[in-house]
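According to the numbering used here, the sequence shown is numbered sequentially starting from 46.
C-beta: ideal position from N, C-alpha, C; glycine also.
Since we're looking at a predicted model, the values are computed, not measured.
Single-structure report; data block below.
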Amino acid sequence: MEEILDKLLKINGVEGALVVGKDGLVISSVGTFHPDPDSFGAGVAEALNHLDSHFQARGVCQRVTLDQQTGVTHLTAINEVTFLVAHGSTGINLGRLRLDSDQVSAALGEQL
46 MEEILDKLLK INGVEGALVV GKDGLVISSV GTFHPDPDSF GAGVAEALNH
96 LDSHFQARGV CQRVTLDQQT GVTHLTAINE VTFLVAHGST GINLGRLRLD
146 SDQVSAALGE QL
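So, in structure tokens, the structure goes:
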């Protein structure tokens with residue numbers, strides 16, 4: 046699984062990538078996370094569950110991009126219960142990140 050996630054680390058500015066369940070359990074991670082992958086994954090799961098419950102009438106989230114002052118976090122659904130998460134610096138090429146995240150998500154979906 047790490048070999049597949051490594052594809053995202055090749056994008057200029059991507060610092061880390063992980064697979065997290067909606068329960069907050071990190072299944073796999075590569076790269077660096079602050080404070081750590083488990084805390085990062087738990088925070089992502091909490092945000093996803095909040096978004097899904099708030100926008101339930103429109104269906105579950107397929108993609109979410111958080112553009113923050115210190116960087117970008119991009120989430121892509123792998124299946125109903127797991128998400129691919131990539132985070133990186135500001136100024137990252139969002140189009141490339143989205144395209145590669147879709148490809149990585151599809152490859153991970155075959156393994157999960």
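Handout entry: Where residue 60 sits in the DSSP three-state scheme
Key = The residue given as residue 60 occupies position 15 in the sequence shown. In the structure shown, residue 60 adopts extended strand secondary structure according to DSSP, grouped into three states.
Exercise for the section: With DSSP as the reference, please indicate the residues paired to residue 108 in a beta bridge. Expected result: Taking the sequence shown and counting its residues from 1, one reaches residue 108 at position 63. BP columns for residue 108 point to 121.
Problem - 6 Å CB neighbourhood of residue 111 in its chain, flanking five on each side removed - result: Locating residue 111 in the sequence shown gives position 66, where the first residue counts as 1. Hits under 6 Å: 118.
Practice task
Could you check the C-alpha separation between residue 88 and residue 69 for me, to the nearest Å?
Solution key: By 1-based counting over the sequence shown, the position of residue 88 is 43. By 1-based counting over the sequence shown, the position of residue 69 is 24. A direct Cα-Cα distance of roughly 7 Å separates residue 88 from residue 69.
Practice task
Report yes if the C-beta of residue 135 is less than 7 Å from at least one heavy atom of the ligand ADP; otherwise report no.
Solution key: In the structure shown, the ligand ADP is absent, as is every other ligand, since no ligand is present at all.
Handout entry: DSSP three-state assignment for residue 101, whether helix, strand or coil
Key = Within the sequence shown, the letter at position 56 stands for residue 101. Correct three-state label for residue 101: helix.
Exercise for the section: Following the continuous beta strand (DSSP E) through residue 137, name the residue where it begins and the one where it ends. Expected result: Start at 1 with the first residue of the sequence shown, and residue 137 comes out as number 92. Unbroken run through residue 137: none, as it is neither H nor E.
Handout entry: Three CB pairs or more closer than 8 Å across the region 78 to 87 and the region 148 to 156
Key = Put simply, the region 78 to 87 does not touch the region 148 to 156. Fewer than three CB pairs are less than 8 Å apart.
Exercise for the section: List the endpoints of the continuous beta strand (DSSP E) containing residue 129. Expected result: In the sequence shown, the residue the question calls residue 129 occupies position 84. 127 to 133 is the extent of the beta strand (DSSP E) around residue 129.
Handout entry: Residue nearest to residue 149 in terms of C-alpha spacing, selected from 83, 121 and 133
Key = Taking the first residue of the sequence shown as 1, we reach residue 149 at position 104. Taking only the C-alpha atoms, the option nearest residue 149 is 121.
Problem - Opening and closing residue of the beta strand (DSSP E) in which residue 76 lies - result: On the sequence shown, residue 76 is found 31 positions in, with the first residue counted as 1. Residues 71 to 76.
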